[in-house]
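Under mature numbering (1 follows the signal peptide of the UniProt record, and there is no 0), the letters of the sequence shown match residues -22 to -1, 1 to 405, in that order.
First up is the structure itself, then whatever we jot down about it.
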Amino acid sequence: MRKMLFLATTILAAALSASANAEQKEVTVWSWFVQSTMNKSIAAFEKAHPDVKVKYTYYNYSPEYITALKAAAASGSLPDVIGLQPGSLTQQYRENLEAVNERAAKQWGDKWAEKIFPVNRKQMLMGNPKGDENYYIIPQESQVLCIWYNRKVFEKLNLSAPKTYDELKAAAKALTDNGYIPMFQGAADGWQNENVFLMLANQFSPGIVDKAQAGETPWTAPELVEAMKAWKGLFDDGIFQQGALGAHAYPTGAQLFAQGRVGMMALGSWWMQESKFPPPLSEFVQNMDGFDFFYLPPVKDGNPASPPVGGIDIGYGLTKNGGKNPEAWTFLAELTNGVGLQEALNDLNDLPAFEGYSPKGDITDHVKEMSARFMADLPKAENQRFASPAVAEALDNALAGVAAGSIEPEAALATVQAATEKALAAK
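Laid out in structure tokens, this is it:
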């Protein structure tokens, strides 16, 4: 009798387990979003939605993620939800994405977009064909670009955050002379090169890159030529490290910066997340004690320092495959404007894209002060993104060529102008 009862109980348990597994639905997600933080966002989501299992695949952004997306799009095997940047990356995969306007209005109300910071709203539509007011990306987080520096190393060398280009050169020389990498530039990564160029261009004429990519100002305008010359100067003047053209910002540069071997690095508000990574952490990363930030000093007398540049750090799109899976939108909504977002902010992953959120938990006064500075600058940030993938690629090639000395600044910018004219004609 006991054996029969045990057997019956075992069969019942197995049946219940099989039933639960059969009822549990799966959502697949790809991104370059930090694995440890995404795990927390997923755990919070799965607690609120126990019938859904999220399968996350992490990639380093460049080149692994970009390569994986291209291959999956070509084979029709994209996951349900993909991490995106606005503008060129979203437009590259727009045909593979669902418009989310109706789903978002049903989820959050008709005025949901008004709760997103203005620069982010602008970027959400960047590159859409004329008359297309659909959103193909929901932003999760915002960012502000800046130059981070190791304040402990600076103090050791009696340096302060540079306010002029001469001070920047002097700091770079002092760092190099004392065995440090001055300013680490992952110049093999188009995204970091674009960020620094945007800092420079907006010194000469705020908003000029937006005008150039819209066809309102030529890329060969004097201000942009000057900015391209200044870009070359960062290599020639020893601001960037030797061998920068073959270097990657992640993981190489970030690891060296966290270890205290780099004096400065052009990153953004997302760098604060390093302090929330699993231990062991270096003395510099612990509570961000070793770091602070400044905006790139004027490279030409009479120019202002670089203004804040930024917008959407990361957003997510619902693929055509994900559109067939109701749980995929549920996860995307919670990740960008719900329990998943709050977990990311608690990890200081970056700044919120939706109003009404702030990080919670154990955060030091130093980090709070830096976060407050970023949030104060976000509403006045210049646009960071490019509407056309072809224009972004042309600029990447131009920046690499000028840095290598294989093409002159004006000729390089002429290739960007040609790409812009072609992109605008195709719209």
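All C-beta atoms in this analysis are idealised placements derived from N, C-alpha and C, irrespective of residue type, glycine included.
The model shown is predicted, which means the values in this text are computed figures rather than measured ones.
Beta-carbon spacing of residue i, residue j below 9 Å
{"i": "residue 263", "j": "residue 162", "result": "no"}
{"i": "residue 395", "j": "residue 121", "result": "no"}
{"i": "residue 319", "j": "residue 338", "result": "no"}
{"i": "residue 3", "j": "residue 29", "result": "yes"}
{"i": "residue 181", "j": "residue 244", "result": "no"}
{"i": "residue 165", "j": "residue 218", "result": "yes"}
{"i": "residue 401", "j": "residue 376", "result": "no"}
{"i": "residue 249", "j": "residue 272", "result": "no"}
{"i": "residue 22", "j": "residue 305", "result": "no"}
{"i": "residue 137", "j": "residue 274", "result": "no"}
Cα-Cα separation, residue i to residue j
{"i": "residue 73", "j": "residue 256", "result": "38 Å"}
{"i": "residue 93", "j": "residue 382", "result": "44 Å"}
{"i": "residue 269", "j": "residue 153", "result": "15 Å"}
{"i": "residue 331", "j": "residue 130", "result": "31 Å"}
{"i": "residue 346", "j": "residue 326", "result": "10 Å"}
{"i": "residue 50", "j": "residue 276", "result": "43 Å"}
{"i": "residue 302", "j": "residue 213", "result": "49 Å"}
{"i": "residue 155", "j": "residue 135", "result": "10 Å"}
{"i": "residue 408", "j": "residue 75", "result": "Because the chain spans -22 through 405 in this model, residue 408 falls outside it and cannot be assessed."}
{"i": "residue 18", "j": "residue 387", "result": "46 Å"}
{"i": "residue 391", "j": "residue 379", "result": "10 Å"}
{"i": "residue 56", "j": "residue 299", "result": "7 Å"}
{"i": "residue 143", "j": "residue 132", "result": "16 Å"}
{"i": "residue 356", "j": "residue 242", "result": "22 Å"}
{"i": "residue 44", "j": "residue 98", "result": "22 Å"}
{"i": "residue 68", "j": "residue 125", "result": "26 Å"}
{"i": "residue 61", "j": "residue 128", "result": "30 Å"}
{"i": "residue 341", "j": "residue 329", "result": "14 Å"}
{"i": "residue 368", "j": "residue 335", "result": "35 Å"}
{"i": "residue 348", "j": "residue 185", "result": "25 Å"}
{"i": "residue 8", "j": "residue 111", "result": "26 Å"}
Extent of the continuous alpha helix (DSSP H) run through residue i
{"i": "residue 356", "result": "Taken as a continuous stretch (DSSP letters only), residue 356 belongs to no alpha helix (DSSP H), as it is neither H nor E."}
{"i": "residue 233", "result": "232 to 236"}
{"i": "residue 128", "result": "Counting along the chain, residue 128 falls outside any alpha helix (DSSP H), though it belongs to the beta strand (DSSP E) covering 116 to 128."}
{"i": "residue 19", "result": "13 to 26"}
{"i": "residue 292", "result": "Here residue 292 belongs to no alpha helix (DSSP H); instead the beta strand (DSSP E) covers 287 to 296."}
Cβ neighbour criterion (16 or more within 10 Å) applied to residue i
{"i": "residue 416", "result": "Any answer about residue 416 is impossible in this case: the structure gives the chain only from -22 up to 405."}
{"i": "residue 108", "result": "exposed"}
{"i": "residue 321", "result": "buried"}
{"i": "residue -1", "result": "No answer about residue -1 holds up, because its pLDDT of 49 lies below 50 and its placement is not dependable."}
{"i": "residue 58", "result": "buried"}
{"i": "residue 398", "result": "buried"}
{"i": "residue 408", "result": "With the chain covering -22 to 405 only, the question about residue 408 has no answer from this structure."}
{"i": "residue 254", "result": "buried"}
{"i": "residue 13", "result": "exposed"}
{"i": "residue 231", "result": "buried"}
{"i": "residue 173", "result": "buried"}
{"i": "residue 389", "result": "exposed"}
{"i": "residue 404", "result": "exposed"}
N-terminal and C-terminal residue of the beta strand (DSSP E) that residue i is part of
{"i": "residue 143", "result": "Taken as a continuous stretch (DSSP letters only), residue 143 belongs to no beta strand (DSSP E), being part of the alpha helix (DSSP H) at 143 to 155."}
{"i": "residue 161", "result": "159 to 162"}
{"i": "residue 241", "result": "240 to 246"}
{"i": "residue 61", "result": "59 to 62"}
{"i": "residue 32", "result": "30 to 36"}
Residue i beta carbon near the ligand MG (any heavy atom closer than 8 Å)
{"i": "residue 344", "result": "Here there are no bound small molecules, and the ligand MG is not part of this structure."}
Test: residue i CB closer than 9 Å to a CB of chain D
{"i": "residue 144", "result": "Included in the structure is just one protein chain, with no chain D present."}
Legend entry - Three or more C-beta pairs below 8 Å linking the region 283 to 293 and the region 370 to 384: Cβ pair count under 8 Å is below three, so no.
Legend entry - the region 223 to 230 contacting the region 165 to 185, beta-carbon criterion three pairs below 8 Å: Segments in contact, yes.
Inset, instruction - Flag this pair as touching only if the region 144 to 151 and the region 352 to 367 have three or more C-beta atom pairs under 8 Å; answer yes or no. - result: Inter-segment contact for the region 144 to 151 and the region 352 to 367 is absent: fewer than three beta-carbon pairs are separated by less than 8 Å.
Inset, instruction - Give a yes or no on contact between the region 200 to 208 and the region 76 to 89, applying the rule of three or more CB pairs nearer than 8 Å. - result: No, because fewer than three Cβ pairs between the region 200 to 208 and the region 76 to 89 fall closer than 8 Å, the two stretches do not touch.
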